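The structure under discussion appears below in the form of structure tokens.
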Amino acid sequence: MIDIPSLLAALPARIDAIARTAAARTPDAPALVDGGRTLTFRDLETLVDRRADQLRARGVRPGDRVLLASENCADQVALIFAASAVGAWIVNANPRLTAPELDAIRDHAGARIALYTAAVSAEADAHAARAGAVFDDGLMVGPLNAACVPEEDDSVAALVYTTGTTGKPKGVMLSHRSLLFVAAVSSRLRGLTPADRAWGVLPISHVYGLTSVMLGTLSAGACLHLAPRFTPEAMLAAIRDDGLSIVQGVPAMYARLLEHVGDASPLPSRLRFAYAGGSPLDPALKAAVERLLRVPLHNGYGLSEAAPTVSQTRLDAPRADTSVGQPIPGVEARVVDKDGRDVAGGSPGELWVRGPNLMRGYYRDPQATAAALRPGGWLNTGDMATRGADGALFIVGRTKELIIRSGFNVFPLEVETVLNAHPGVTQSAVVGRLVADGNEEVIAYVQPDPRRTPLEAELRAWAAARLAPYKRPARIVMLDALPAAANGKVLKHVLKEMAADMAARP
1 MIDIPSLLAA
11 LPARIDAIAR
21 TAAARTPDAP
31 ALVDGGRTLT
41 FRDLETLVDR
51 RADQLRARGV
61 RPGDRVLLAS
71 ENCADQVALI
81 FAASAVGAWI
91 VNANPRLTAP
101 ELDAIRDHAG
111 ARIALYTAAV
121 SAEADAHAAR
131 AGAVFDDGLM
141 VGPLNAACVP
151 EEDDSVAALV
161 YTTGTTGKPK
171 GVMLSHRSLL
181 FVAAVSSRLR
191 GLTPADRAWG
201 VLPISHVYGL
211 TSVMLGTLSA
221 GACLHLAPRF
231 TPEAMLAAIR
241 DDGLSIVQGV
251 PAMYARLLEH
261 VGDASPLPSR
271 LRFAYAGGSP
281 LDPALKAAVE
291 RLLRVPLHNG
301 YGLSEAAPTV
311 SQTRLDAPRA
321 DTSVGQPIPG
331 VEARVVDKDG
341 RDVAGGSPGE
351 LWVRGPNLMR
361 GYYRDPQATA
371 AALRPGGWLN
381 TGDMATRGAD
391 GALFIVGRTK
401 ELIIRSGFNV
411 FPLEVETVLN
421 AHPGVTQSAV
431 VGRLVADGNE
441 EVIAYVQPDP
451 RRTPLEAELR
461 AWAAARLAPY
471 KRPARIVMLD
481 ALPAAANGKV
491 LKHVLKEMAA
501 DMAARP
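For the sequence shown, UniProt numbering assigns the number 1 to the initial residue and increments by one for each residue that follows.
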């Protein structure tokens, strides 16, 4: 058991202490592997100090917001810790965002300065050129924003903009304490040691890659193998050849890996476990990945507003179902009705959580903050869940994604789980389309396995044998690839727009 009061009391003041503590304890241990180059924890601390001096020389002050457009690399890790050392808020942004998307984040955050790791990202280089950035010690640095007013709240470490999978992104204020808490608890629950080697392909610009992968790995003194972009070929090579003991990803990554290897035999590796998170995990995918990797594929649940971890399955008790596990130590969960009253066991309801991991609020959006943070310190996650007899959580869908079909509730996840179980489907996404008088029809978008693409009639028959009539898709649309954010999450608001524009067809 983790002694949460003692853990909280021992947390340092800022996240850069992670790098400094490891450098003091094991200076020569490998911290990062980046493009074939290995940095020890001593090297990492030296790079952090160099980047912190660079930020100060460029006019960055405590309370300023520093925009960092970067893909996974050593400089990105160092700059996150450097901003912490200066007392600034880091604003991580994936450079694969479009120009309007990146500009909206920069302007909303009121960033004092913008940095671009152009050496590892052509997209970052393009953004830097557009912004008139200049070269400085391996980075592209944008002009100083003289209008930036420093924030007085020195508890905030990061301003994380949500991926906008269902709507307009919001800036989530995460404190040093919340990030350090999740990093410490997740590393302990996973039993991380300095001997572990973790794959770091999940974007550090996203909260899952930032906290669970980067901060969690380094806080244990373990080594993080950085990868700027996901490809199934790179994932296969990393598992097979790099001596990884840990791999974390979103379900779409595992689905692409399975598609790439085909019916291959189990992979030789040194893995001791694998984790999935970021989006729902369906049973067929979970079973196939476990056969391939020869280790359990553990599941978890979180969101940006919880920094991000809420629950995860236990390493010593792998599950055959798709539960996202028990709430992590120090975090409480409730399943409630629309009036905030606890529902009966096994019934679906809104998931509320409370703990040291919660955000400070949405930046410059008190109305959205008040809607999400409820009395008593609870966060309304916006997700629908049930609880098993053992208290484990099962996510059934997002509140905003619920489809009302002829008066019946349809959870998209249930339909997606059925479609994803078809051997010719790599992944699917289901949305509702308004037809008349508040009634909706079910629209399914399917990314087929190119080796065995099914006919639409075949998928319809598959769904009809497994779903009640009101749950069956009115339309099944094949797409070469589902629209997704850089972290692999499907952008359902894009699909809803596509469904709304869809011309009526027989």
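Note that beta-carbon positions come from the ideal geometry of N, C-alpha and C, so glycine has one too. On a predicted model such as this, the values are computed, not experimentally measured, just so you know.
Item, Value
"Euclidean distance between Cα positions of residue 472 and residue 55", "55 Å"
"Burial state of residue 180 (16 or more Cβ within 10 Å)", "buried"
"Paired residues, beta bridge with residue 327 - DSSP", "311"
"Exposure of residue 165, with buried meaning 16 or more beta-carbon neighbours within 10 Å", "Caution applies to residue 165, whose pLDDT of 48 falls short of 50 and renders its modelled position unreliable; the value that the coordinates give is listed next. Buried."
"Residue 36 to residue 252 span [Cα, whole Å]", "26 Å"
"Contact the stretch 351-359 vs the stretch 273-288: 3+ CB pairs below 8 Å", "no"
"CA-to-CA distance, residue 247 to residue 21, given in whole angstroms", "24 Å"
"Alpha-carbon spacing of residue 414 relative to residue 408, whole angstroms", "14 Å"
"Per DSSP, the bridge partner or partners of residue 298", "275"
"DSSP three-state assignment for residue 380, whether helix, strand or coil", "strand"
"CB of residue 392 within 8 Å of CB of residue 302, strictly", "no"
"For residue 61, the first and last residue of its enclosing beta strand (DSSP E)", "Unbroken run through residue 61: none, as it is neither H nor E."
"Residues of its chain near residue 151, where Cβ-Cβ distance is below 6 Å and the 5 sequence neighbours each way are ignored", "63"
"C-beta atoms of residue 91 and residue 105 nearer than 8 Å", "yes"
"Reduced DSSP secondary structure (H/G/I, E/B, other) of residue 304", "helix"
"Sequence ranges, beta strand (DSSP E) only - wholly within the stretch 31-101, length at least 3", "37-40, 65-69, 89-93"
"Status (buried if at least 16 other CB within 10 Å, exposed otherwise) for residue 51", "buried"
"Cα-Cα separation between residue 69 and residue 81, rounded to whole angstroms", "15 Å"
"Local Cβ density within 10 Å of residue 312, reported as buried at 16 or more and exposed below that", "buried"
"Under the three-state DSSP convention, the category residue 216 falls into", "helix"
"Contacts around residue 406, its chain only, beta-carbon distance under 7 Å, and the 5 residues preceding and following it disregarded", "439, 470"
"The stretch 141-156 / the stretch 188-199 touching (three or more Cβ pairs under 8 Å)", "no"
"Backbone secondary structure at residue 6 - three-state DSSP", "helix"
"Short Cβ contact (8 Å threshold) for residue 424 with residue 452", "yes"
"DSSP bridge partner residues for residue 225 (one or two, in chain order)", "33, 199"
"Minimum Cβ-Cβ distance from residue 89 to chain B less than 8 Å", "Of the chains in the structure shown, none is chain B; there is only one protein chain."
"Span separating the alpha-carbon of residue 264 from that of residue 293", "11 Å"
"Segment contact, 8 Å Cβ cut-off, at least three pairs: the stretch 213-231 with the stretch 70-77", "yes"
"DSSP bridge partner residues for residue 433 (one or two, in chain order)", "441"
"Straight-line gap, residue 8 to residue 2 (C-alpha atoms, nearest Å)", "11 Å"
"Between the CA atoms of residue 133 and residue 122 - distance to the nearest angstrom", "14 Å"
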